[in-house]
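Structure, as structure tokens:
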Amino acid sequence: MYSLIEKVKEINPLVLHYTNNVTITDCANITLAIGASPLMSFSYEEVEEIVSVASSVVINIGTMNSNLLDLYLLAGKAANKYNKPIILDPVGVFATKARRDITNRLLNEVKFDVVKGNISEIKYIGGFDVRGKGVDSFDDGEDISDIAMRVARKLECVVVATGKVDIITDGQEIFKINNGSIKLKRVTGTGCMTTSLIASFMPCSESILHAAAIGTLVMSLSGELADRDNPNIGTFKVKLFDEVNDMNINKLEEYANIEKVSKV
Ligand SMILES: Nc1ncnc2c1ncn2[C@@H]1O[C@H](COP(=O)(O)OP(=O)(O)O)[C@@H](O)[C@H]1O
Ligand SMILES: Cc1ncsc1CCOP(=O)(O)O
Ligand SMILES: [Mg+2]
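No gaps in the numbering here: position 154 of the sequence shown is 153 in numbering that gives the first Met the number 0, and each next residue is one more.
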């Protein structure tokens, strides 16, 4: 699985983003840092053309509206038609009815390969009450393996739930990642960037589960390494990009704290 860190640089996949306008530049830069090519689009005109040449597609609802929902649906259906791996980031799905309705439409009308949220977002999709506020999770200390597995089985996709311990599951196998830093919660977009990293790995791996696990691991481990000398938050953000850019197999082998905990 760790060899994907080299493969993504060889393949240089084109990662097409339909994403929010808060973290869009950081998502483009993290995609470059891992060795893929980002393209951000808000255009109806190019959907068919651009999805057909993309390597993978991101739908991130962070700053959605009803007009954009139509764009996400069009792009999502095109991704399914052209067999392009596609990931959904249901940012703040628990915050409003509008976000819930948009997420439900997307999940009903598009077949996603990965649904990635923070723990509150995945708990909410699983039908549970959450302690989220806006786009942030305050459930991040929980282990929601069982809920994530159930959501993965129901949606027939890989589910990623980020928090103190990250959970990645296809409903049968689970990876748990114990790397991370609390500072990752103090920089907006670290969840969105995790989605971009997973989307960068998806076209490089036969296993979507492995692509999701390594994409999540790269963010959590890079955050941990960036925090080694306890930098201030602005410096931490810069170091985070440096660590993603410099991630390699040796560092993954030495520092990754990842376990495959079950196969049922
Ligand atoms: N309590 C925590 N301790 C350490 N790392 C965390 C913690 N909570 C989240 N992270 C890490 O922060 C990154 C973003 O996750 P999270 O904050 O859950 O997503 P989002 O930005 O979508 O809300 C992930 O790498 C995750 O592992
Ligand atoms: C603050 C905010 N508001 C709408 S989208 C967004 C960014 C959320 O990014 P992340 O989910 O990665 O923290
Ligand atoms: Mg966040």
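The C-beta atom is built at its ideal place from N, Cα and C for all residues, glycine as well. None of these values were measured; they are calculated from a predicted model.
Taking each of His-16, Asp-25, Ile-33, Val-186 in turn and checking the Cα distance to Leu-3, the smallest one comes out for Ile-33. At least one heavy atom of ligand 2 is found less than 8 Å from the C-beta of Thr-62. Contact annotation: the region 117-134 does not touch the region 65-85, with fewer than three C-beta pairs closer than 8 Å.
Spatial neighbours of Glu-223 in its own chain (CB-CB distance under 8 Å, excluding positions within 5 residues in sequence) are listed in chain order as Asn-178, Gly-179, Ser-180, Tyr-254. Under the three-pair Cβ rule at 8 Å, the region 11-26 counts as touching the region 185-204.
Taking C-beta separations shorter than 6 Å and ignoring five residues to either side along the sequence, the partners of Glu-258 in its chain run Lys-175, following chain order.
Secondary structure note for Tyr-17: its beta strand (DSSP E) is the uninterrupted segment 13-17.
9 Å or more divides the Cβ of Lys-184 from the Cβ of Asp-228. Residue environment: Thr-161 is assigned as buried (16 or more neighbouring CB atoms within 10 Å of its CB, all protein chains considered). Between Cys-156 and Ser-36, the alpha-carbon positions lie close to 25 Å from each other. By the Cβ test, the region 41-51 is not in contact with the region 244-253, since fewer than three Cβ pairs between them sit closer than 8 Å. Your pair Ile-167 and Leu-208 checks out as a contact, with CB atoms roughly 7 Å apart and the cut at 8 Å. Less than 9 Å divides the Cβ of Ser-195 from the Cβ of Thr-30. One alpha carbon belongs to Pro-230, the other to Val-52, and they sit about 41 Å apart.
The beta carbon of Ile-146 is closer than 7 Å to those of Ile-121, Lys-122, Gly-125, Phe-127 in its chain, skipping five residues each way along the sequence.
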